[in-house]
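First up is the structure itself, then whatever we jot down about it.
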Ligand code: PBG
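Numbering (this note's numbering), first residue to last: 2 to 323.
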């Protein structure tokens, strides 16, 4: 007698009964680009359907998302002013700080996560301070991040997400937040973040392309897997509450390995290039966009991610509205 797996695929009802993984809207996070100057608002060529928003528009978007069941947003700021030491990043009245306050006021149930990095705020586009030799000064960069994080905390952010890949930043952030009375503020660390070509559209969106060199001295080498587990272990030791693997699709092995090795919540970032590829192919009629989105999100759930950060969150929720 042969076993017949097709018995359990016979009807939609049976398939639903035996489905192993499901996408939960409450585990999706929608990234939002927030601009300081109104003139910078508007569409992003390489990311059809995604807009740069003013603070007011970001508030409206957070409210709209929450009505659709998406209760988490990840904020990226696009400041009016960039300089060598990212001064507008730690302005208490900077764009992200204002967006945090406004969103928490209008949509208190929304979990506001703030990406913490310097690259959108530096004129050279690197994630840290550049020293006189053109190298990234790790510890000076961490000091800046700490300074900025305290202003995000004061604005009422729910989770801080350092994405810079400087060494020791999670510990420095944890200590500084605790000392400043924010021991309950969670840290979601971009722990295994690779030096990836898939961030291309994001850099257009945020105007954060490095003006010289690249990010390979701080982001991870795509050939490495064991090192990702080491990076994650370090961040957990330093106090990270949630760890992240980024990008998503080309790094599903890392998501799975992290799931098997650690018991903290794991986030995966379905990055800008992954969004753009799919949008471009579906715009050309080369694949069915809706099904490809579903399949992409399924791959993250299957690999073991708890939290999925994706530019598709709103679209997915709108299509699956109950
Ligand atoms: C900031 C940051 C980047 C992304 C998230 N945070 C850009 C980068 O590291 O170059 C990429 C997100 C995406 O591509 O969607 N350091």
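Using N, Cα and C, we set each Cβ at its ideal position, and we do this for glycine too.
Say yes only if the C-beta of residue i is nearer than 7 Å to one or more non-hydrogen atoms of the ligand PBG, and no if none qualify.
i: residue 273; result: yes
i: residue 164; result: yes
i: residue 261; result: no
i: residue 222; result: no
i: residue 91; result: no
i: residue 200; result: yes
i: residue 213; result: no
i: residue 203; result: yes
i: residue 209; result: yes
i: residue 216; result: yes
i: residue 236; result: no
i: residue 116; result: yes
Just reading off the beta strand (DSSP E) that residue i is part of, what are its end residues?
i: residue 245; result: 243-247
i: residue 117; result: 112-117
i: residue 145; result: Per DSSP, residue 145 belongs to no beta strand (DSSP E); it is in the alpha helix (DSSP H), 139-156.
i: residue 297; result: Looking at the DSSP string, residue 297 is not in any beta strand (DSSP E); the run it does join, the alpha helix (DSSP H), is 290-304.
i: residue 52; result: 52-54
Helix, strand or coil for residue i per DSSP?
i: residue 75; result: strand
i: residue 34; result: strand
i: residue 235; result: helix
i: residue 43; result: strand
i: residue 211; result: coil
i: residue 84; result: strand
i: residue 4; result: coil
i: residue 319; result: helix
i: residue 216; result: coil
i: residue 192; result: strand
i: residue 270; result: strand
i: residue 160; result: strand
i: residue 186; result: coil
i: residue 64; result: helix
i: residue 131; result: strand
i: residue 310; result: strand
i: residue 136; result: coil
Please report how far the alpha carbon of residue i lies from the alpha carbon of residue j, in whole angstroms.
i: residue 23; j: residue 273; result: 23 Å
i: residue 199; j: residue 4; result: 42 Å
i: residue 152; j: residue 8; result: 57 Å
i: residue 260; j: residue 80; result: 36 Å
i: residue 115; j: residue 160; result: 6 Å
i: residue 257; j: residue 26; result: 21 Å
i: residue 308; j: residue 267; result: 6 Å
i: residue 55; j: residue 44; result: 12 Å
i: residue 128; j: residue 321; result: 37 Å
i: residue 98; j: residue 78; result: 9 Å
i: residue 40; j: residue 236; result: 38 Å
i: residue 103; j: residue 57; result: 8 Å
i: residue 294; j: residue 228; result: 29 Å
i: residue 53; j: residue 204; result: 13 Å
i: residue 30; j: residue 113; result: 9 Å
i: residue 305; j: residue 150; result: 29 Å
i: residue 121; j: residue 63; result: 22 Å
i: residue 264; j: residue 174; result: 22 Å
i: residue 96; j: residue 71; result: 22 Å
i: residue 242; j: residue 2; result: 50 Å
i: residue 137; j: residue 68; result: 42 Å
i: residue 208; j: residue 169; result: 26 Å
i: residue 300; j: residue 318; result: 17 Å
i: residue 291; j: residue 315; result: 13 Å
i: residue 100; j: residue 35; result: 8 Å
i: residue 310; j: residue 302; result: 12 Å
Following the continuous alpha helix (DSSP H) through residue i, name the residue where it begins and the one where it ends.
i: residue 284; result: 273-284
i: residue 17; result: 13-18
i: residue 226; result: Residue 226 -> no alpha helix (DSSP H), and no H or E assigned at all.
i: residue 256; result: 253-262
i: residue 104; result: 96-107
i: residue 178; result: 170-180
At least one CB of chain D closer than 8 Å to the CB of residue i: is that the case?
i: residue 217; result: Note that chain D does not occur in the displayed structure, where there is just one protein chain.
Within 10 angstroms of its Cβ, does residue i collect 16 or more other Cβ (buried), or is it exposed?
i: residue 281; result: exposed
i: residue 188; result: buried
i: residue 184; result: exposed
i: residue 92; result: buried
i: residue 134; result: exposed
i: residue 1; result: In the structure as shown, the chain starts at 2 and stops at 323, and residue 1 therefore has no counterpart that could be examined.
i: residue 38; result: exposed
i: residue 156; result: buried
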